[in-house]
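So the structure is just underneath, and the comments pick up after that.
Residue numbers (this note's numbering): 68 to 207.
Right, dumping it as structure tokens:
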């Protein structure tokens, strides 16, 4: 399963903010990870709407985690940001697959997706921040 850039960047933002011991800015994350500020604004907005980040505007503003890294489950983040219908036949409302119901591919892909997500469920943000200096870099 391939994650969208939006979800990939969201996970990177959470890693960066979680590794920082202070408030960080979109500019710092953008420079550290070489990601467009405009794209990061959308990602940060989505993460703040989901309750993972706290953002403050203004001169002394920035981004912090809205909850402890121990409480941020990676599967939940991915579930909230990704479309879980990895193939057309997973969506009952828009499915037009001519062989749906006759092939076993749907079952195999469903099991694969579930196993992928079960692995992610075992991890929290705190498990992934083993070396904060490498994640947040020294230039931030």
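No residue lacks a Cβ here, since even glycine has one placed at the ideal position from N, Cα and C. Everything numeric in this text was worked out from a predicted model, so none of it was measured.
Euclidean distance between Cα positions of residue i and residue j
| i | j | result |
| --- | --- | --- |
| residue 77 | residue 105 | 13 Å |
| residue 150 | residue 178 | 16 Å |
| residue 186 | residue 79 | 18 Å |
Residue i burial status per 10 Å Cβ neighbour count (16 or more: buried)
| i | result |
| --- | --- |
| residue 112 | exposed |
| residue 124 | exposed |
Under 8 Å between C-beta atoms of residue i and residue j
| i | j | result |
| --- | --- | --- |
| residue 81 | residue 192 | yes |
| residue 90 | residue 130 | yes |
| residue 145 | residue 70 | yes |
| residue 148 | residue 74 | yes |
Same chain, Cβ closer than 6 Å to residue i, five either side skipped, listed in chain order
| i | result |
| --- | --- |
| residue 190 | 141 |
| residue 97 | 104, 107 |
Same chain, Cβ closer than 7 Å to residue i, neighbours up to 5 away in sequence not counted
| i | result |
| --- | --- |
| residue 183 | 68 |
| residue 196 | 82, 85, 86, 136, 202 |
Sequence-distant residues of the same chain with beta carbon closer than 8 Å to residue i, five excluded per side
| i | result |
| --- | --- |
| residue 93 | 104, 107, 108, 111, 130 |
As assigned by DSSP and simplified to three states, the class of residue i
| i | result |
| --- | --- |
| residue 101 | coil |
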